[in-house]
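Accompanying notes for the structure given below.
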Amino acid sequence: MIRPLKGKTPRRPAPKKPSSNQKDPVGVYCRVRPLSNEDEESCIEVISNTTIQLHAPDGIKANRNGEFKETQYSFKKVFGIKTSQRELFDDVAKPLVEDLIHGKNGLLFTYGVTGSGKTYTMTGSAGQGGLLPRSLDMIFNSIGPYQAKRFVFKTDDKNGMEIQNQVDALLERQKRDSQQSLLKTPSSKLRTDPEFSEMINPGETCKAEGVDEDSSYSVFVSYIEIYNNYIYDLLEEGPIDPIKPKWNIGGTPLRNTEFIPPQSKILREDQNHNMYVAGCTEVEVKSTEEAFEVFWKGQKRRRIANTQLNRESSRSHSVFIVKLAQAPLDADGDNVLQDKNQIAVSQLCLVDLAGSERTSRTRAEGNRLREAGNINQSLMTLRTCIEVLRENQMCGTNKMVPYRDSKITHLFKNYFDGEGKVRMVVCVNPNAEDYEETMLVMRFAEMTQEVEVARPVDRPICAFAAGRRQRNQAFKEELTRRLEERGGPVNGETPFVMNQLLQSFPPLPPCEITDPSDDHTLPRLIEVLEKRHRIRQMMTEEYSKTANMLKSMLQEFDSNLMAKENFIHEQRGKLGEKDKMIQSQKTEIDRLEKKSKMLEYKIDILQKTTNIYEEDKRSLQHELENREQKLQRELSEKKRMEARMQGMVTDTKLKWEKECERRVQAKQLEMQNKLWVKDEKLKQLKAIVTESKTERPEKPQRPSREKDRVPIKRSASPSPVPTAPPVRPPHRRSNSAGGERWVDHKPASNLELDTVMQPNIPNAIKVSAPNEKALSKCDKYVLTHQEVASDGEIQTKLIKGEVFKTRGGGQAVQFTDIETLKQECPVAPSRKRRSSGNDPPQTEAMDGDWTDVETRCSVAVEMRAGSNLGPGYQHHGNQKRRKP
Ligand code: ADP
Ligand code: MG
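Its first residue numbered 1, the sequence shown is counted upward by one per residue in the UniProt record's numbering.
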């Protein structure tokens with residue numbers, strides 16, 4: 001009967017997987033047994049506590065051409081040859097037992113080739129108890145004091161668990177006792193059977209922590225064997241016939257040589273889809289010894305069956321199932337709560353698998369070979385299932401796992417499919433002869449490690465507040481103490497007296513009178529009845545005594561209770577006061593709280609305002625920074641601009657300076673040229689003048705001939721020796737002016753030159769600054785302009801122009817002519833002339849001729865007669881039209 005998943009009890013109808021989302025890989029451990037003979041070659045080396053290395057034996061290496069390499073295999077833990085059974089148990093099975101006690105399922109199996117130490121690991125030997133006896137020991141050490149009475153928990157035939165009431169349980173217990181006393185023959189137990197006490201050394205026992213003390217527990221064990229894909233119940237009782245027993249229960253020779261082969265069982269699925277062996281015996285056990293005895297009984301059956309049926313035990317799988325039922329105690333903490341739905345069942349399966357070697361190795365023949373094939377088949381199926389599971393989990397596929405292909409996989413389907421811890425101990429014999437098989441075992445183990453099963457969740461069992469058991473116990477102790485105090489029966493006295501009385505209650509003698517002359521029966525009956533009457537009276541007395549005592553105790557309890565009630569009343573009053581106080585304090589607290597809330601609110605608002613201001617400040621600062629940056633940028637831009645302008649100014653200045661220099665030079669050159677031309681002309685004039693001294697008649701023509709070709713310098717300065725008074729200009733002058741009206745502009749800055757050759761313009765309007773009124777009345781304009789010539793003499797210029805009426809109603813002057821008058825010292829030329837001529841009268845005469853102002857002027861005016869040039873002494877312009 002398999003119920004691998006906790007929480008599959010009827011109280012949870014469909015908790016198919018009460019598991020967490022977390023998954024754990026199958027825990028695979030490796031145990032290396034010592035070589036049986038020191039001469040044997042070893043092919044295994046333990047490298048670390050998680051890794052082993054497989055060395056191919058020399059023979060195989062040579063045969064297979066290096067096909068067999070040295071391979072390392074890793075496990076959750078590797079146990080070397082020196083590992084004790086205790087160490088192995090602590091690491092591998094102890095957590096599973098702890099889980100079992102806390103309501104979780106576990107599956108532990110040993111895997112390996114025959115002779116690798118599977119059975120040694122699982123069962124062990126005297127003093128070297130394996131995982132199974134140690135697990136049983138731990139279970140009972142942990143739940144021992146909290147076990148329910150036998151038959152309180154009862155298994156049904158559908159893999160469920162029920163609770164019987166106390167009376168039914170008691171009746172069943174009595175029935176069992178009577179049957180056992182019948183079966184207990186001296187031969188029922190062979191002395192050679194190992195006792196549990198021999199299996200584990202004292203001091204090696206252990207206990208689980210955190211056992212729920214307010215639950216009641218019960219352990220059921222079953223033991224099955226799977227051989228040739230058939231399931232056999234190893235605990236099934238054979239037909240009981242005390243006269244002709246068919247089973248040699250105690251190992252005594254069979255009285256009946258006819259062997260009845262055990263019937264195979266079938267697998268069923270319960271309402272929670274858990275697999276179980278239908279009709280399998282589940283024995284309730286109350287101690288490790290009892291459990292081990294049951295296990296040993298199954299072992300013996302297995303051995304006998306194997307012998308009788310000529311089977312090879314290494315070809316069968318044995319499954320020992322420990323089922324732990326637990327249910328909460330009732331409110332008093334005395335009995336198990338009569339509620340089927342509160343039962344939790346967990347189970348631990350300890351499986352010693354058949355040898356994993358292939359058929360060829362066993363050298364089996366015929367039937368054996370076929371059977372071996374079948375057994376191999378089931379291990380093959382196990383391997384396939386693991387493979388598919390791994391593939392599904394790793395690749396996310398959803399292939400069907402072929403659990404149903406063999407009984408062993410079908411039985412444990414729920415473990416792999418659902419939850420519950422799965423652990424495997426891979427046993428290896430380092431013997432090199434096993435090399436190839438061991439390698440296959442290792443491969444399977446590696447693959448198994450990659451399979452994950454969901455982790456079961458923790459679930460509290462207890463339905464009531466904890467501590468009922470202790471409270472109950474404490475109450476009993478208190479009652480006993482009080483009874484002692486009042487001199488009543490000390491602990492256990494009443495039951496003792498009663499028991500003694502009960503035991504001395506004489507049984508009724510046979511009262512059947514067959515013989516009329518029987519004188520003994522009646523007197524004996526009377527005697528017994530009288531005795532019984534006396535005892536009854538004594539019992540009644542004892543009873544009333546106890547009842548009275550209890551009554552007085554109760555009365556005392558009552559008065560105590562009254563006093564306590566009064567006290568409680570008093571305290572209540574006090575409490576009321578305190579309550580009031582508390583109330584007022586509460587209101588005060590409320591008020592303060594409100595105030596604090598108000599303040600908090602204000603603080604909040606202030607905080608918010610501060611925040612806003614800060615925000616503003618930040619933004620303003622930001623803006624300021626931006627502006628500053630902008631200003632900075634503009635400033636630098638300006639500076640750059642300035643520098644550029646400076647550069648440009650310097651450049652332009654330089655350019656203009658150069659240009660000016662160039663122009664000055666050009667002008668200078670031009671002037672030099674002019675000067676040279678003038679000098680040349682002067683020389684020529686001189687030559688002419690000198691000539692004219694000799695040719696006097698030609699004298700008047702010369703100036704006219706020269707008039708336009710050569711600029712004539714005439715002395716306007718007063719002659720050093722004036723021979724005649726100044727002459728008024730002739731009338732012809734007015735002719736040159738025509739009928740036109742002139743504006744005579746003489747700036748106030750002009751110097752009055754005391755010369756005779758003063759321009760005279762009749763009808764002219766004289767102004768010192770040009771004014772529009774004057775201009776409007778005239779049509780000609782002349783400006784007398786004085787400047788210092790290059791030789792230091794004052795040079796007077798007459799700048800002439802015509803006045804136009806502009807469209808806007810104003811006047812404009814267009815300059816048309818410039819006349820230049822230059823004043824020179826007349827001394828030098830006269831001296832020259834004087835020095836050049838040796839004849840003074842001649843010179844005088846000539847001077848007298850040419851210095852005659854009137855003559856000279858008339859000549860000059862005559863030269864210009866008919867021209868439209870206006871007033872002036874000498875035409876100095878370079879206008880071509882003036883040239884003849
Ligand atoms: P299996 O069950 O795998 O066929 P067994 O458990 O029957 O193998 O072991 C074969 C033999 O080896 C037994 O005699 C057993 O005592 C011995 N043996 C196995 N493992 C160990 C071990 N770890 N220490 C000492 N002896 C061992
Ligand atoms: Mg074995």
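Backbone N, C-alpha and C define an ideal beta-carbon position, used for all residues, glycine too.
Pull up the distance between the alpha-carbon of leucine 783 and that of alanine 643, whole angstroms please. Along the sequence shown, one-based indexing puts residue 783 at 783. Along the sequence shown, one-based indexing puts residue 643 at 643. Near 47 Å, if we compare the C-alpha coordinates of alanine 643 and leucine 783.
Express the C-alpha separation of valine 319 and glycine 420 in angstroms, rounding to a whole number. One-based indexing of the sequence shown puts residue 420 at position 420. One-based indexing of the sequence shown puts residue 319 at position 319. Those two C-alpha atoms are separated by around 17 Å.
Tell whether a beta-carbon distance below 8 Å holds between threonine 155 and glutamate 293. Counting from 1 along the sequence shown, the entry for residue 155 is found at position 155. Counting from 1 along the sequence shown, the entry for residue 293 is found at position 293. In this structure, threonine 155 keeps its C-beta atom at 8 Å or more from the C-beta atom of glutamate 293.
Residues in the same chain with beta-carbon distance under 6 Å from aspartate 852, minus the five sequence neighbours each way, listed in chain order, please. For this step, residue 852 is matched to residue 852 along the sequence shown. Here aspartate 852 scores only 47 on pLDDT, less than 50, and its place in the model is too uncertain to base an answer on.
Alpha-carbon spacing of lysine 658 relative to histidine 622, whole angstroms: Position 658 of the sequence shown holds residue 658. Position 622 of the sequence shown holds residue 622. Separation of lysine 658 and histidine 622 (C-alpha to C-alpha, rounded to the nearest whole angstrom) is 53 Å.
Within the chosen definition, does the region 119-137 reach the region 84-98 through at least 3 CB pairs nearer than 8 Å? Touching, yes, given that three or more Cβ pairs across the two stretches are closer than 8 Å.
Do the CB positions of leucine 96 and serine 215 come within less than 8 Å of each other? Residue 96 sits at position 96 when you count from the first residue of the sequence shown. Residue 215 sits at position 215 when you count from the first residue of the sequence shown. No, these two residues do not count as a Cβ contact at 8 Å.
Between which two residues does the alpha helix (DSSP H) carrying histidine 410 extend? Translated into positions along the sequence shown, residue 410 becomes position 410. From DSSP, the alpha helix (DSSP H) with histidine 410 extends over 407-411.
In this structure, what does DSSP give as the bridge partners for tyrosine 111? Counted from its first residue, the sequence shown places residue 111 at position 111. Note: tyrosine 111 is bridge-paired with Val426 in the DSSP secondary-structure output.
In this structure, what does DSSP give as the bridge partners for residue 901? Because the chain is modelled from 1 through 884, residue 901 falls outside the range shown and cannot be assessed.
Beta carbon of valine 425 nearer than 8 Å to that of valine 441: As a position in the sequence shown, residue 425 is number 425, starting the count at 1. As a position in the sequence shown, residue 441 is number 441, starting the count at 1. In this structure, the beta-carbon distance from valine 425 to valine 441 does not fall below 8 Å.
Can you tell me the Cβ-Cβ gap for glutamate 172 and phenylalanine 151, rounded? I've got them flagged as a contact below 8 Å. Here residue 172 refers to the residue found at position 172 when the sequence shown is read from its first residue. Here residue 151 refers to the residue found at position 151 when the sequence shown is read from its first residue. Confirmed, about 4 Å.
Just curious, the beta strand (DSSP E) that methionine 400 is in, first and last residue? Within the sequence shown, residue 400 is the residue found at index 400, counting from 1. For methionine 400, no beta strand (DSSP E) encloses it, and the DSSP letter there is neither H nor E.
Specify the secondary structure class of phenylalanine 140 as computed by DSSP and reduced to three states. Here residue 140 refers to the residue found at position 140 of the sequence shown. If DSSP states are grouped into helix, strand and coil, phenylalanine 140 belongs with the helices.
Mind listing, in chain order, the continuous beta strand (DSSP E) runs of no fewer than 3 residues lying wholly within the region 154-220? Runs of the beta strand (DSSP E) inside the region 154-220: 161-163.
Might you give, ordered along the chain, the residues of its own chain that have their beta carbon closer than 7 Å to the beta carbon of glutamine 701, omitting 5 neighbours on each side? As a working mapping, residue 701 is identified with position 701 in the sequence shown. Interpretation of glutamine 701 is limited by its pLDDT of 42, a score under 50 that renders its predicted location unreliable; the figure taken from the coordinates is listed afterwards. Once the five neighbours on either side are set aside, glutamine 701 has no close Cβ partner at all.
Contact set for isoleucine 44: own chain, Cβ-Cβ below 8 Å, skip 5 residues either direction: As a first step, residue 44 must be located in the sequence shown, where it is residue number 44. The beta carbon of isoleucine 44 is closer than 8 Å to those of Val32, Ile52, Gln53, Leu54, His55, Val428, Pro430, Thr438 in its chain, skipping five residues each way along the sequence.
Ignore the nearest five residues each way along the sequence and tell me which others in lysine 531's own chain have a CB closer than 8 Å to its CB. The residue you call residue 531 lines up with position 531 of the sequence shown. For lysine 531, where only same-chain residues beyond five positions count, the Cβ hits under 8 Å are Pro506.
Taking the alpha-carbon positions, what's the threonine 409 to glutamine 326 distance? As a first step, residue 409 is located in the sequence shown; it is residue number 409 there, counting from the start. As a first step, residue 326 is located in the sequence shown; it is residue number 326 there, counting from the start. Their Cα atoms are separated by approximately 28 Å.
Contact check, valine 351 vs arginine 390 under 8 Å by CB: the rounded distance? As a first step, residue 351 must be located in the sequence shown, where it is residue number 351. As a first step, residue 390 must be located in the sequence shown, where it is residue number 390. In this structure valine 351 does not touch arginine 390 by the C-beta definition: roughly 20 Å separates them, more than the 8 Å allowed.
Quick check: the Cα distance between lysine 653 and tyrosine 613, rounded to an integer number of angstroms? Here residue 653 refers to the residue found at position 653 when the sequence shown is read from its first residue. Here residue 613 refers to the residue found at position 613 when the sequence shown is read from its first residue. In a straight line, the C-alpha of lysine 653 is about 58 Å away from that of tyrosine 613.
Flag this pair as touching only if the region 262-274 and the region 98-113 have three or more C-beta atom pairs under 8 Å; answer yes or no. Under the Cβ criterion (8 Å, minimum of three pairs), the region 262-274 does not count as touching the region 98-113.
Mind checking whether serine 346 and leucine 324 have CB atoms under 8 Å apart? By 1-based counting over the sequence shown, the position of residue 346 is 346. By 1-based counting over the sequence shown, the position of residue 324 is 324. It is a contact, given that the beta carbons lie within the stated cut-off.
Three-way DSSP call (helix, strand, coil) for leucine 353 in this model: For the purposes of this step, residue 353 is identified with residue 353 of the sequence shown, where counting begins at 1. Here leucine 353 sits in coil by DSSP.
Which of the three DSSP states, helix, strand or coil, is assigned to alanine 344? In the sequence shown, counting from the first residue as 1, residue 344 sits at position 344. Correct three-state label for alanine 344: strand.
To the nearest angstrom, how far is it from the Cα of histidine 745 to the Cα of lysine 667? In the sequence shown, counting from the first residue as 1, residue 745 sits at position 745. In the sequence shown, counting from the first residue as 1, residue 667 sits at position 667. In a straight line, the C-alpha of histidine 745 is about 29 Å away from that of lysine 667.
Looking at the unbroken alpha helix (DSSP H) that takes in glutamate 437, where does it start and where does it end? Your numbering for residue 437 matches position 437 in the sequence shown. Residues 435-449.
Cβ of proline 25 within 8 Å of any chain D Cβ: Absence of chain D from the displayed structure is noted, only one protein chain being present.
Is tyrosine 120 a contact residue of ligand 1, with contact defined as CB to any heavy atom under 7 Å? Counting from 1 along the sequence shown, the entry for residue 120 is found at position 120. Yes, Cβ of tyrosine 120 sits closer than 7 Å to a heavy atom of ligand 1.
Provide the residue(s) that pair with aspartate 604 in DSSP beta bridges, ordered along the chain. Translated into the one-based positions of the sequence shown, residue 604 becomes position 604. Answer is none; aspartate 604 lacks a bridge partner.
Could you check how far apart the C-beta atoms of residue 969 and serine 316 are, in whole angstroms? I think they sit under 8 Å. Past the edges of the chain, shown from 1 to 884, lies residue 969, and the structure says nothing about it.
With a threshold of 7 Å (Cβ to nearest heavy atom), would threonine 480 be considered close to ligand 1? Along the sequence shown, read from residue 1 onward, the residue named residue 480 stands at position 480. In terms of side-chain proximity, the C-beta atom of threonine 480 is found no nearer than 7 Å to any non-hydrogen atom of ligand 1.
Bridge partners of lysine 265, per DSSP? Mapped onto the sequence shown, residue 265 falls at position 265. Bridge partners of lysine 265: Ile231.
Starting from glutamate 40, follow the alpha helix (DSSP H) in both directions and report where the run begins and ends. Taking the first residue of the sequence shown as position 1, residue 40 is located at position 40. The continuous stretches of alpha helix (DSSP H) do not include glutamate 40, and DSSP gives it neither H nor E.
May I ask whether a heavy atom of ligand 1 can be found less than 7 Å away from the beta carbon of threonine 438? The count along the sequence shown starts at 1 and reaches residue 438 at position 438. Threonine 438 Cβ: outside cutoff for every heavy atom of ligand 1.
Taking the straight line between their C-alpha atoms, what separation do you get for tryptophan 676 and alanine 774? On the sequence shown, position 676 is the one that residue 676 refers to. On the sequence shown, position 774 is the one that residue 774 refers to. In this structure, the CA atom of tryptophan 676 is about 43 Å from the CA atom of alanine 774.
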